[in-house]
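Peer 1:
2 protein chains.
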Amino acid sequence: MEISERKKRILAAVVDSYIESAEPVGSKTIAEKPGIDVSSATIRHELAELERLGYLEQPHTSAGRIPTPQGYRLYVNELMEQHKLTLEETEQINRSLNMKIQQLDHLMADVGQLTASLTSYPALALTAPAKCTISRFDLIYIDANTFIIVVLLSSNTVKNKLVHLPFSVEQGMIQKLAALFNAHFTGIADDEVTPLLISSVERAALDTMGLVSIIAGFAIEVLSETASSAYLTGTQNLLQLPEFRDPDKAHRLLNYLGDKEHLLSLPLPQSTGDVQVFIGPENVAEELKDSSVILASYDAGDNTRGLIGVVGPTRMDYANIAAKLGYIANGMSQLLSAGEKPPEGWGKLTLMQSNGEGSIGNGR
Amino acid sequence: MEISERKKRILAAVVDSYIESAEPVGSKTIAEKPGIDVSSATIRHELAELERLGYLEQPHTSAGRIPTPQGYRLYVNELMEQHKLTLEETEQINRSLNMKIQQLDHLMADVGQLTASLTSYPALALTAPAKCTISRFDLIYIDANTFIIVVLLSSNTVKNKLVHLPFSVEQGMIQKLAALFNAHFTGIADDEVTPLLISSVERAALDTMGLVSIIAGFAIEVLSETASSAYLTGTQNLLQLPEFRDPDKAHRLLNYLGDKEHLLSLPLPQSTGDVQVFIGPENVAEELKDSSVILASYDAGDNTRGLIGVVGPTRMDYANIAAKLGYIANGMSQLLSAGEKPPEGWGKLTLMQSNGEGSIGNGR
DNA sequence: GCTGGCACTCTCTATCTTCGAGTGCTAATT
DNA sequence: AATTAGCACTCGAAGATAGAGAGTGCCAGC
Chain A
143 MEISERKKRI
153 LAAVVDSYIE
163 SAEPVGSKTI
173 AEKPGIDVSS
183 ATIRHELAEL
193 ERLGYLEQPH
203 TSAGRIPTPQ
213 GYRLYVNELM
223 EQHKLTLEET
233 EQINRSLNMK
243 IQQLDHLMAD
253 VGQLTASLTS
263 YPALALTAPA
273 KCTISRFDLI
283 YIDANTFIIV
293 VLLSSNTVKN
303 KLVHLPFSVE
313 QGMIQKLAAL
323 FNAHFTGIAD
333 DEVTPLLISS
343 VERAALDTMG
353 LVSIIAGFAI
363 EVLSETASSA
373 YLTGTQNLLQ
383 LPEFRDPDKA
393 HRLLNYLGDK
403 EHLLSLPLPQ
413 STGDVQVFIG
423 PENVAEELKD
433 SSVILASYDA
443 GDNTRGLIGV
453 VGPTRMDYAN
463 IAAKLGYIAN
473 GMSQLLSAGE
483 KPPEGWGKLT
493 LMQSNGEGSI
503 GNGR
Chain B
143 MEISERKKRI
153 LAAVVDSYIE
163 SAEPVGSKTI
173 AEKPGIDVSS
183 ATIRHELAEL
193 ERLGYLEQPH
203 TSAGRIPTPQ
213 GYRLYVNELM
223 EQHKLTLEET
233 EQINRSLNMK
243 IQQLDHLMAD
253 VGQLTASLTS
263 YPALALTAPA
273 KCTISRFDLI
283 YIDANTFIIV
293 VLLSSNTVKN
303 KLVHLPFSVE
313 QGMIQKLAAL
323 FNAHFTGIAD
333 DEVTPLLISS
343 VERAALDTMG
353 LVSIIAGFAI
363 EVLSETASSA
373 YLTGTQNLLQ
383 LPEFRDPDKA
393 HRLLNYLGDK
403 EHLLSLPLPQ
413 STGDVQVFIG
423 PENVAEELKD
433 SSVILASYDA
443 GDNTRGLIGV
453 VGPTRMDYAN
463 IAAKLGYIAN
473 GMSQLLSAGE
483 KPPEGWGKLT
493 LMQSNGEGSI
503 GNGR
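Quick mapping for you: the protein sequence lines, in order, are chains A and B.
As numbered in my numbering, residues 143 to 506 make up the first sequence, in order.
As numbered in my numbering, residues 143 to 506 make up the second sequence, in order.
Here it is, written out as structure tokens:
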């Protein structure tokens with residue numbers, strides 16, 4: 143059943159007002175809004191209807207209405223206006239992102255921080271790297287007891303490890319090993335590194351004194367490094383929200399979010415700029431059933447997808463937050479995939495127009 | 143003026159009881175304790191004395207006593223019993239630490255998590271690396287447009303960077319550059335890398351097409367990388383404490399702790415195993431004036447000192463927490479400096495006896 | 001179908017009362 | 001002189017009561 147245009151306008155007014163004030167909204171408040179030109183009595187009729195339809199509810203008989211998750215959903219899907227970021231906001235984001243080109247690890251933490259401070263909600267930043275292969279081995283001979291393993295990955299990242307030995311090796315041996323590993327260990331996935339493979343390489347190079355297994359061990363470590371990382375920042379923001387004045391409630395949520403496992407089990411949106419909204423009971427996790435989660439995904443270069451998001455009460459400024467997240471995610475994509483290939487362009491994020499076009503998925 | 147033995151026993155009883163219950167302690171409660179064999183009236187006399195001396199205070203006239211920071215200080219310095227960790231506890235710590243030998247970055251975050259869960263307080267983990275120099279350059283030629291810079295630091299860590307060029311270079315050039323950098327850029331601190339030095343190197347190698355500045359730039363980045371990192375975990379623990387039931391108070395503290403700058407400005411204890419306690423107003427930061435901070439320092443191998451700690455109300459179980467922090471810090475030291483040199487031993491933390499000897503500094 | 005009016009409901013706040021834990025003081029005891 | 005029992009007193013915490021105000025549903029009239 144389609145609901146009338148007027149009902150929609152009224153619902154939108156209720157949600158807007160409640161998002162702003164966190165107080166149940168009464169018929170009078172709505173009647174006073176511009177664009178609504180009927181009396182409060184009429185509004186009351188409509189509100190009663192909307193309640194019957196499941197979009198609103200009353201905390202108690204003689205209070206105003208607050209939106210139900212279903213109400214928020216309709217709002218997010220159809221009613222809310224596209225939020226335009228101000229020029230200051232976009233510039234602040236651009237500036238912050240440009241400043242923070244460092245190792246991915248720090249970038250992650252920093253962008254989380256940025257998101258938190260920009261939205262005033264607890265923010266999370268995740269990466270879920272795709273599997274990759276080793277494209278090249280180098281062994282750098284330092285001295286008789288020391289060498290460095292340098293591994294170039296198909297994702298164009300470099301990993302290294304310094305190895306000290308309790309015995310000495312010759313430079314020739316190191317070179318021989320490098321050649322061997324380049325021949326046998328490149329281009330293969332982590333599950334192809336079998337004990338069989340290792341022992342066959344070990345046989346090919348005699349007198350390795352266990353070096354093969356050290357290097358192979360590093361290769362496995364690098365390949366299997368499911369370095370999905372998760373950062374949670376701005377948790378203090380939660381405490382300012384009226385719905386989390388109850389320390390126990392705040393504690394429950396933060397306790398849940400504090401566990402990386404939980405964060406990593408969040409659903410990963412697909413395409414860059416896609417902003418997804420999960421409202422209250424739409425969340426799978428029991429602990430999130432009366433909170434909302436907004437997630438935006440970005441392309442982190444080497445086959446990796448990243449995720450930024452915020453967590454808050456169902457009463458969130460969805461339009462605003464979604465726009466901001468979308469913009470940040472786009473910026474990250476540009477930064478990281480720009481850095482992927484060319485040495486130029488890296489480190490400069492050109493001002494995107496804030497189209498905020500991120501399709502607001504329906505989250506179910 | 144030295145206070146009597148009995149006063150000390152009574153003060154200790156008050157602190158112990160208050161740490162446990164978070165409620166003001168009355169004379170009757172103390173009189174019932176074993177080891178105290180005087181009547182509550184006598185206790186009241188003594189309590190009044192202790193209050194006059196500044197060790198105790200009353201929230202209001204008709205309530206029990208709670209310790210002042212001065213009272214806690216005396217308790218920590220002289221009265222509290224050495225807390226013995228149970229075998230389970232030490233084994234849990236050992237097991238957790240042994241499991242977490244990964245990159246330092248993750249280790250840091252993980253040990254923070256461990257500390258938080260072990261103590262039930264918000265935990266912090268910091269590193270403050272010492273300055274170091276570059277001991278060796280290697281440039282790995284990949285193809286005409288690509289090479290890897292590998293830098294071995296005096297601290298025995300390795301840093302690398304993959305460089306893509308918009309033009310092509312010959313392998314010979316790369317080798318020449320490596321030799322040049324090894325000749326001029328090794329063994330010097332970051333402030334010795336002057337533009338003068340760079341341009342003189344640039345002149346020595348003709349036709350470098352800007353490569354020198356790329357490599358020098360990386361060298362500077364690596365040297366100046368004041369990679370002091372700070373992790374804060376277990377913030378949710380704060381909310382369970384009765385003294386932080388007030389969301390505003392919790393918010394203020396968490397807001398302060400959320401800023402890395404603030405964490406990094408904490409005083410750094412010197413020697414490994416040294417546990418330092420800062421009680422209430424002993425903290426320099428205004429925001430910590432009614433909280434306590436317990437810090438333990440460890441030797442993180444390559445010239446670096448690490449720090450773990452917890453933050454909580456002045457009412458903390460100092461003995462217990464100090465013992466735990468000391469034990470973890472010792473474990474970290476063993477792990478990290480063990481890993482520094484030999485390839486063996488790395489990854490096995492032998493069971494330390496929990497002497498908990500960490501001198502409890504007087505924090506002023 | 002919309003509106004003004006009206007009785008009703010229910011929470012929120014302020015004020016008051018009561019209760020009890022804990023104190024300080026005093027007088028008696030060791 | 002130190003300790004103890006007894007007692008009046010203080011003050012916050014918790015519960016009870018009353019009033020105010022916001023908002024509702026419904027009805028009669030336009």
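Even for Gly, the Cβ is constructed at its ideal location relative to N, Cα and C.
Could you work out which residue in B:Ser370, B:Ala320, B:Ser366, B:Gly359 is closest to alanine 346 (chain B) when comparing CA atoms only?
Peer 2: If you number the second sequence from 1, residue 346 (chain B) lands on position 204. Comparing Cα positions, the closest option is B:Ala320.
Peer 1: Counting only Cβ pairs nearer than 9 Å, list the residues of chain A close to histidine 531 (chain B).
Peer 2: Since the displayed chain B opens at 143 and closes at 506, residue 531 (chain B) lies outside it and no answer follows.
Peer 1: Would you tell me roughly how many angstroms separate the C-alpha atoms of alanine 331 (chain A) and cysteine 274 (chain A), rounded to the nearest one?
Peer 2: For the purposes of this step, residue 331 (chain A) is taken as the residue at position 189 of the first sequence. For the purposes of this step, residue 274 (chain A) is taken as the residue at position 132 of the first sequence. When rounded, the separation of the alpha-carbon atoms in alanine 331 (chain A) and cysteine 274 (chain A) is 7 Å.
Peer 1: If you draw a straight line from the C-alpha of alanine 234 (chain B) to the C-alpha of leucine 406 (chain B), how long is it?
Peer 2: Numbered from 1 along the second sequence, position 92 holds the residue referred to as residue 234 (chain B). Numbered from 1 along the second sequence, position 264 holds the residue referred to as residue 406 (chain B). Checking the sequence, you will find glutamine at residue 234 (chain B) rather than alanine. The straight-line gap from Cα to Cα measures roughly 28 Å.
Peer 1: Is it right to say proline 308 (chain A) is buried, meaning 16 or more other beta carbons lie within 10 angstroms of its own, or is it exposed?
Peer 2: Position 166 of the first sequence, counting from 1, holds the residue named residue 308 (chain A). Taking all protein chains shown into account, proline 308 (chain A) has fewer than 16 neighbouring C-beta atoms within 10 Å of its C-beta and is therefore exposed.
Peer 1: Shortest alpha-carbon distance to threonine 336 (chain A) belongs to which of A:Tyr440, A:Ala183, A:Val292, A:Ala361?
Peer 2: Position 194 of the first sequence, counting from 1, holds the residue named residue 336 (chain A). Closest by alpha carbon: A:Ala361.
Peer 1: Who are the near neighbours of arginine 394 (chain A) in its chain, counting only those whose CB is closer than 8 Å to its CB and skipping five residues on each side?
Peer 2: Walking along the first sequence from the start, residue 394 (chain A) turns up at place 252. Cβ neighbours of arginine 394 (chain A) beyond the five flanking positions: Glu429.
Peer 1: Against chain A, with Cβ distances strictly below 8 Å, would leucine 396 (chain B) count as a contact?
Peer 2: For the purposes of this step, residue 396 (chain B) is taken as residue 254 along the second sequence, with counting starting at 1. By this cut-off, leucine 396 (chain B) is an interface position.
Peer 1: Please report the residue range of the alpha helix (DSSP H) in which arginine 90 (chain A) lies.
Peer 2: Residue 90 (chain A) lies beyond the stretch modelled for chain A, which goes from 143 to 506, so this question has no answer here.
Peer 1: Who are the neighbours of valine 335 (chain A) on chain B, taking C-beta pairs under 7 Å?
Peer 2: The residue given as residue 335 (chain A) occupies position 193 in the first sequence. Contact of valine 335 (chain A) with chain B by beta-carbon distance below 7 Å is absent, the smallest such distance being about 19 Å.
Peer 1: Strictly below 8 Å CB to CB, what residues from chain A border isoleucine 290 (chain B)?
Peer 2: Working through the second sequence from its first residue, we reach residue 290 (chain B) at position 148. Those within 8 Å of isoleucine 290 (chain B) in chain A are Asp280, Val292, Leu294, Val300.
Peer 1: Pull up the distance between the alpha-carbon of aspartate 416 (chain A) and that of glutamine 255 (chain A), whole angstroms please.
Peer 2: In the first sequence, residue 416 (chain A) corresponds to position 274, counting from 1. In the first sequence, residue 255 (chain A) corresponds to position 113, counting from 1. Answer to the nearest angstrom: the Cα atoms are 21 Å apart.
Peer 1: Using CA coordinates, which residue listed in A:Met241, A:Glu385, A:Pro211, A:Glu199 is at the minimum distance from glutamate 424 (chain A)?
Peer 2: The residue labelled residue 424 (chain A) in the question sits at position 282 within the first sequence. Comparing C-alpha distances from glutamate 424 (chain A) to each of A:Met241, A:Glu385, A:Pro211, A:Glu199 shows the shortest one belongs to A:Pro211.
Peer 1: How is tyrosine 440 (chain A) classed by DSSP in three states: helix, strand or coil?
Peer 2: Counting from 1 along the first sequence, the entry for residue 440 (chain A) is found at position 298. Strand.
Peer 1: Please identify the residue among A:Asp333, A:Gln382, A:Ile450, A:Gly400 whose C-alpha is closest to the C-alpha of proline 409 (chain A).
Peer 2: Taking the first residue of the first sequence as position 1, residue 409 (chain A) is located at position 267. Among A:Asp333, A:Gln382, A:Ile450, A:Gly400, the Cα nearest to that of proline 409 (chain A) is on A:Ile450.
Peer 1: If we cut at 8 Å on Cβ distances, does arginine 387 (chain B) have a partner in chain A?
Peer 2: The residue you call residue 387 (chain B) lines up with position 245 of the second sequence. Interface flag for arginine 387 (chain B) against chain A is set, since a Cβ pair is found closer than 8 Å.
Peer 1: Relative to the alpha-carbon of lysine 303 (chain B), which residue among A:Val305, A:Leu304, A:Lys303, A:Thr299 has its alpha-carbon at the smallest distance?
Peer 2: Within the second sequence, the letter at position 161 stands for residue 303 (chain B). Per the Cα distances, A:Thr299.
Peer 1: If I measure Cβ to Cβ from tyrosine 217 (chain B) and keep anything under 6 Å in the same chain, skipping five residues before and after, which residues do I get?
Peer 2: Walking along the second sequence from the start, residue 217 (chain B) turns up at place 75. Once the five neighbours on either side are set aside, the close Cβ partners of tyrosine 217 (chain B) are Val157.
Peer 1: Rounded to the nearest angstrom, what separates glutamate 147 (chain A) and alanine 173 (chain A) at their Cα positions?
Peer 2: As a first step, residue 147 (chain A) is located in the first sequence; it is residue number 5 there, counting from the start. As a first step, residue 173 (chain A) is located in the first sequence; it is residue number 31 there, counting from the start. For glutamate 147 (chain A) and alanine 173 (chain A), the distance between alpha carbons rounds to 16 Å.
Peer 1: Going by DSSP, name the residue or residues bridged to arginine 278 (chain B).
Peer 2: Counting from one through the second sequence, the residue named residue 278 (chain B) turns up at place 136. Arginine 278 (chain B) pairs with B:Leu294.
Peer 1: From which residue to which residue does the beta strand (DSSP E) around phenylalanine 420 (chain B) run?
Peer 2: Counting from 1 along the second sequence, the entry for residue 420 (chain B) is found at position 278. Bounds of the beta strand (DSSP E) holding phenylalanine 420 (chain B) are 417-421.
Peer 1: Please name the residue or residues paired with valine 300 (chain B) in a DSSP beta bridge.
Peer 2: Taking the second sequence and counting its residues from 1, one reaches residue 300 (chain B) at position 158. Partner(s): B:Leu294.
Peer 1: Cβ of leucine 304 (chain B) less than 8 Å from any chain A Cβ?
Peer 2: As a working note, residue 304 (chain B) is residue 162 in the second sequence. By this cut-off, leucine 304 (chain B) is an interface position.
Peer 1: Can you list, in chain order, the residues of the segment 400-412 of chain A whose Cβ is nearer than 8 Å to any Cβ on chain B?
Peer 2: Gly400
Peer 1: Quick check on serine 238 (chain A): buried or exposed, where buried means 16 or more other Cβ atoms within 10 Å of its Cβ?
Peer 2: Position 96 of the first sequence holds residue 238 (chain A). It counts as buried.
Peer 1: May I ask you to report which of helix, strand or coil DSSP gives serine 342 (chain A)?
Peer 2: The residue labelled residue 342 (chain A) in the question sits at position 200 within the first sequence. Three-state result, serine 342 (chain A): helix.
Peer 1: Does the beta carbon of isoleucine 316 (chain B) sit closer than 8 Å to a beta carbon anywhere in chain A?
Peer 2: Working through the second sequence from its first residue, we reach residue 316 (chain B) at position 174. It does not: the Cβ of isoleucine 316 (chain B) has no partner Cβ on chain A nearer than 8 Å.
Peer 1: Whose CA, out of B:Gly352, B:Ile436, B:Gly454, lies closest to the CA of isoleucine 470 (chain B)?
Peer 2: Reading the second sequence from its first residue, position 328 is the one you call residue 470 (chain B). With distances taken between Cα atoms, isoleucine 470 (chain B) lies closest to B:Ile436.
Peer 1: If you compare alpha carbons, which of B:Val305, B:Ile340, B:His306, B:Asn397 is closest to histidine 326 (chain B)?
Peer 2: One-based indexing of the second sequence puts residue 326 (chain B) at position 184. Ranking B:Val305, B:Ile340, B:His306, B:Asn397 by Cα distance to histidine 326 (chain B) puts B:Ile340 first.
Peer 1: Report the CB separation of phenylalanine 279 (chain B) from phenylalanine 323 (chain B) in whole angstroms; it is logged as a contact under 8 Å.
Peer 2: Within the second sequence, the letter at position 137 stands for residue 279 (chain B). Within the second sequence, the letter at position 181 stands for residue 323 (chain B). Their Cβ separation, rounded to whole angstroms, is 4 Å, which keeps phenylalanine 279 (chain B) and phenylalanine 323 (chain B) in contact under 8 Å.
Peer 1: Who are the Cβ neighbours of leucine 374 (chain B) in its own chain at under 6 Å, not counting the five residues just before and after it?
Peer 2: For this step, residue 374 (chain B) is matched to residue 232 along the second sequence. Excluding residues within five positions, the ones whose Cβ falls inside 6 Å are Leu266, Leu399.
Peer 1: Does isoleucine 284 (chain B) have its Cβ less than 8 Å from a Cβ in chain A?
Peer 2: The count along the second sequence starts at 1 and reaches residue 284 (chain B) at position 142. By this cut-off, isoleucine 284 (chain B) is an interface position.
Peer 1: For leucine 294 (chain A), tell me which candidate among A:Ile316, A:Asn397, A:Leu365, A:Ser355 has the shortest Cα-Cα distance.
Peer 2: Sequence index remark: in the first sequence, residue 294 (chain A) carries index 152 (1-based). Of A:Ile316, A:Asn397, A:Leu365, A:Ser355, the residue nearest in Cα terms is A:Leu365.
Peer 1: With a CB to CB cut of under 6 Å and the five nearest residues on each side skipped, what residues in its chain are close to alanine 358 (chain B)?
Peer 2: Here residue 358 (chain B) refers to the residue found at position 216 when the second sequence is read from its first residue. If we look at alanine 358 (chain B) and ignore the five residues flanking it on each side, its Cβ neighbours are Ile340.
Peer 1: If asparagine 379 (chain A) sits next to proline 455 (chain A), beta carbons under 8 Å apart, how far is it from one beta carbon to the other, in whole angstroms?
Peer 2: To locate residue 379 (chain A), count along the first sequence from 1; it is residue 237. To locate residue 455 (chain A), count along the first sequence from 1; it is residue 313. Not quite, the Cβ-Cβ distance comes to about 11 Å (not below 8 Å), so this is no contact.
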